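In my numbering, the protein residues as written are 6 to 322.
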């Protein structure tokens with residue numbers, strides 16, 4: 006499996022990328038939590054691991070290899086990390102003994118902070134970060150075959166990939182260049198991935214937390230004047246912070262956020278989905294990250310602070 010793609014994390018994005026690789030004829034393996042693999046094996050050792058990809062009512066079924074950290078039988082050379090931000094550092098730490106010395110690692114997390122932590126852990130490795138506007142959600146467990154994962158490609162977007170280290174080889178000279186041949190995903194190399202990460206963070210910080218507070222679709226933040234005022238206030242604070250930190254941003258954040266809300270009006274944010282399923286959110290790596298950055302330079306972000314406090318009072322973390 007050395008030249009296969011290995012995907013760490015079987016959430017919506019991990020399953021979407023795995024299915025997209027399989028759809029393009031590329032072999033890959035999903036690394037699951039040890040407990041999850043035991044649950045599947047406990048229900049039946051005869052279950053056939055499968056990925057079902059749904060897009061506009063078209064359904065495709067792909068075979069998929071699965072393993073946990075204890076059942077990886079060859080060095081990993083091509084790793085895509087699609088775990089939640091708060092789980093990423095430990096998940097990668099568990100997999101480090103299986104990484105080949107020349108492994109290329111792609112991080113696909115919402116928010117910021119986890120990428121730098123993993124990059125420090127993997128010093129000497131070829132570490133890249135990606136950010137995507139693809140929308141995906143995972144269906145509930147298939148009771149007849151819990152080893153079948155169904156992922157819905159809810160919105161076709163763009164993905165940017167860039168190096169976290171200045172000394173990294175050019176994109177075209179790494180295995181990552183193969184990903185541009187995946188027909189389902191639109192992937193672009195990016196020289197300054199930090200700016201892309203900041204832009205997505207800025208937009209998510211004005212949307213995700215509020216959809217969790219109001220348990221609403223994205224578009225409802227536009228249709229209600231009071232909610233749109235909150236979106237605007239969050240955008241204004243983030244813009245001021247990015248200016249203070251000299252983070253280049255040549256767009257109007259409010260207008261860009263409005264466009265995203267219009268384009269994804271019927272979608273539920275990843276944070277809404279986390280809250281609906283009783284999971285911890287990635288907001289500490291989104292709004293929480295912004296508050297940490299502001300604190301370091303003695304700046305206050307009252308709207309972001311108030312949002313995080315409101316979420317805390319509602320038991321959302």
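For each residue, glycine too, the CB sits at the ideal point set by N, CA and C.
Keep in mind the model is a prediction, meaning the values are calculated, not measured.
Local conformation of residue i per DSSP, three classes
{"i": "residue 20", "result": "helix"}
{"i": "residue 65", "result": "strand"}
{"i": "residue 151", "result": "coil"}
{"i": "residue 286", "result": "coil"}
{"i": "residue 240", "result": "helix"}
{"i": "residue 327", "result": "Because the chain is modelled from 6 through 322, residue 327 falls outside the range shown and cannot be assessed."}
{"i": "residue 131", "result": "strand"}
{"i": "residue 141", "result": "strand"}
{"i": "residue 91", "result": "helix"}
{"i": "residue 71", "result": "strand"}
{"i": "residue 107", "result": "strand"}
{"i": "residue 57", "result": "strand"}
{"i": "residue 34", "result": "strand"}
C-alpha gap between residue i and residue j, whole angstroms
{"i": "residue 208", "j": "residue 259", "result": "9 Å"}
{"i": "residue 303", "j": "residue 96", "result": "33 Å"}
{"i": "residue 177", "j": "residue 32", "result": "20 Å"}
{"i": "residue 66", "j": "residue 34", "result": "15 Å"}
{"i": "residue 174", "j": "residue 149", "result": "46 Å"}
{"i": "residue 268", "j": "residue 274", "result": "13 Å"}
{"i": "residue 271", "j": "residue 116", "result": "22 Å"}
{"i": "residue 278", "j": "residue 264", "result": "21 Å"}
{"i": "residue 242", "j": "residue 104", "result": "41 Å"}
{"i": "residue 317", "j": "residue 151", "result": "33 Å"}
{"i": "residue 226", "j": "residue 60", "result": "26 Å"}
{"i": "residue 179", "j": "residue 198", "result": "16 Å"}
{"i": "residue 306", "j": "residue 296", "result": "7 Å"}
{"i": "residue 15", "j": "residue 127", "result": "22 Å"}
Residue i, buried or exposed, once every other Cβ within 10 Å from all chains shown has been counted against 16
{"i": "residue 157", "result": "buried"}
{"i": "residue 91", "result": "buried"}
{"i": "residue 111", "result": "buried"}
{"i": "residue 255", "result": "exposed"}
{"i": "residue 285", "result": "exposed"}
{"i": "residue 282", "result": "exposed"}
{"i": "residue 231", "result": "exposed"}
{"i": "residue 311", "result": "exposed"}
{"i": "residue 53", "result": "exposed"}
{"i": "residue 211", "result": "buried"}
{"i": "residue 314", "result": "exposed"}
Chain-order list of residues whose beta-carbon lies under 6 Å from that of residue i (same chain, five-residue window excluded)
{"i": "residue 19", "result": "12 and 87"}
{"i": "residue 73", "result": "37, 39 and 42"}
Residues near residue i in its chain [Cβ-Cβ closer than 7 Å; skip 5 each side]
{"i": "residue 21", "result": "139, 141, 156 and 158"}
{"i": "residue 24", "result": "56, 58, 67 and 156"}
{"i": "residue 253", "result": "200"}
Own chain, CB closer than 8 Å to residue i, minus 5 neighbours either side, in chain order
{"i": "residue 76", "result": "42"}
Examine the Cβ distances between the segment 149 to 169 and the segment 129 to 137 and report whether three or more of them are shorter than 8 Å. Result yes; three or more Cβ-Cβ pairs closer than 8 Å.
Practice prompt. Mind the definition here: the segment 242 to 254 touches the segment 200 to 218 only if three or more C-beta pairs lie below 8 Å; say whether that holds.
Written response: yes
query = For the 8 Å Cβ check, are there 3 or more pairs between the segment 189 to 201 and the segment 210 to 221?
reply = The segment 189 to 201 vs the segment 210 to 221: no contact.
I'd like to know if the segment 69 to 88 and the segment 99 to 111 are in contact, where contact means that at least 3 CB-CB pairs between them fall below 8 Å. yes
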